[in-house]
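A.B. asks:
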Amino acid sequence: MDVTVIDHPLAQTRLTAMRDARTDSASFRAALRELTTMLVYEAARSFPVENYSIQTPVTATEGTRLANPPLLVPVLRAGLGMADAALALVPESSMGFVGLARDEETYEPRAYMESLPRDLSGRPVLVLDPMLATGGSLEHCCRLLADRGCTDITVLCVLAAPVGIERLERSGLPLRLVTASIDEGLNDRMFIVPGLGDAGDRQFGGMPRF
Ligand SMILES: O=P(O)(O)OC[C@H]1O[C@H](OP(=O)(O)OP(=O)(O)O)[C@H](O)[C@@H]1O
Ligand SMILES: O=c1cc[nH]c(=O)[nH]1
Ligand SMILES: [Mg+2]
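Residue numbers for the sequence shown follow the working numbering, so the first one is 71 and each next one is one higher.
1) Where does the unbroken alpha helix (DSSP H) through P79 begin, and where does it stop?
2) Answer with buried or exposed for V225, where buried requires no fewer than 16 other C-beta atoms within 10 angstroms of its C-beta.
3) Pick helix, strand or coil for C220, following the three-state DSSP scheme.
4) Do you know how far the Cα of I262 is from the Cα of E254?
5) Over what stretch of residues does the beta strand (DSSP E) that includes F167 continue unbroken?
6) Are the region 171-181 and the region 189-198 touching, with three or more C-beta to C-beta distances below 8 Å?
7) Between the Cα of S207 and those of A231, G219, R218, spot the shortest distance and give me the residue it belongs to.
8) Between the alpha carbons of V110 and R240, how many angstroms are there, rounded?
9) Does DSSP put E239 in a helix, in a strand, or in coil?
10) Report whether the distance from the Cβ of S207 to the nearest heavy atom of ligand 1 is below 8 Å.
11) Can you find the residues in the same chain that come closer than 7 Å, C-beta to C-beta, to D173, ignoring five residues on each side of it along the sequence?
12) Compare the C-alpha of D199 against each of E112, T249, L159 and name the closest.
13) Suppose the cutoff is 7 Å on Cβ atoms and the five residues either side in sequence are ignored; what does the same chain contact list for A113 look like?
14) Classify R99 as buried or exposed, calling it buried when 16 or more other Cβ atoms lie within 10 Å of its own Cβ.
15) State buried or exposed for M183, treating a residue as buried only when at least 16 other CB atoms are found within 10 Å of its CB.
16) Tell me C211's beta-bridge partners as DSSP assigns them.
17) Can you tell me the Cβ-Cβ gap for L141 and S116, rounded? I've got them flagged as a contact below 8 Å.
18) Can you tell me whether DSSP reads V248 as helix, strand or coil?
19) Can you tell me which of the three DSSP states E175 falls into?
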């Protein structure tokens, strides 16, 4: 699996703001939006383009557009904070949604929402979720996409734990990963260390579990 780590200084300052426990929700969301722009910029480097004719105020020339705009899939809740920034940078894209909540005892993802096109063959997909911890949630999401015929999945994360990367690698799914950091590991509650805490709660506040 192809793994890209964005170690740009501006990505690292946003990441630091997100890690800092003193950062309030509004500043956390702002840092996530800015970091998402950088992750999408990097992920889009390999997007195929096509040329077409345009007219500048001076003369005729060739313009460039995306040959096959992606489907964006934020994983609710935490991935919602990446959706606007991704859509702003790739306005030609469309959006599907997957809702997953990790069970606090088994750490397995529980699916509660799925809104995706039926056929994803020939369609590149950018999955948006800030956290790759055990990898259960992202493996589940990427399987939903592969089951619909998708063969080109790029997962965009803020933090990835080595065990989660290995799980995605072992899954055999057709994906690559773009992240701002590979962290040390997981603690006994399967939180990423040093991490940033619960990315959903830090954006939107705590929620009673079902
Ligand atoms: O790799 P995993 O071990 O599966 O953990 C990662 C998942 O945990 C978080 O979501 P969470 O289940 O907390 O839901 P939330 O976004 O509603 O907070 C995160 O956004 C990932 O989806
Ligand atoms: O560290 C973690 C692990 C899973 N989900 C989060 O939001 N944070
Ligand atoms: Mg959460």
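Ideal placement from N, C-alpha and C gives every residue a C-beta, glycine not left out. Here the structure is a predicted model, which is why all the values come from computation and not from measurement.
C.D. replies: Quick look at the numbers:
1) 79-89
2) buried
3) coil
4) 8 Å
5) 167-172
6) no
7) Closest by alpha carbon: A231.
8) 24 Å
9) helix
10) At least one heavy atom of ligand 1 falls within 8 Å of the beta-carbon of S207.
11) R180
12) T249
13) These residues qualify, in order along the chain: L196, T224, L226, V248.
14) Looking at its Cβ environment, which holds 16 or more other Cβ atoms inside 10 Å, R99 is buried.
15) Exposed, because fewer than 16 other Cβ atoms sit within 10 Å of the Cβ of M183.
16) In DSSP, C211 forms no bridge with anything.
17) Actually they are not in contact, since the Cβ atoms of L141 and S116 sit about 16 Å apart, beyond 8 Å.
18) strand
19) Coil, per DSSP.
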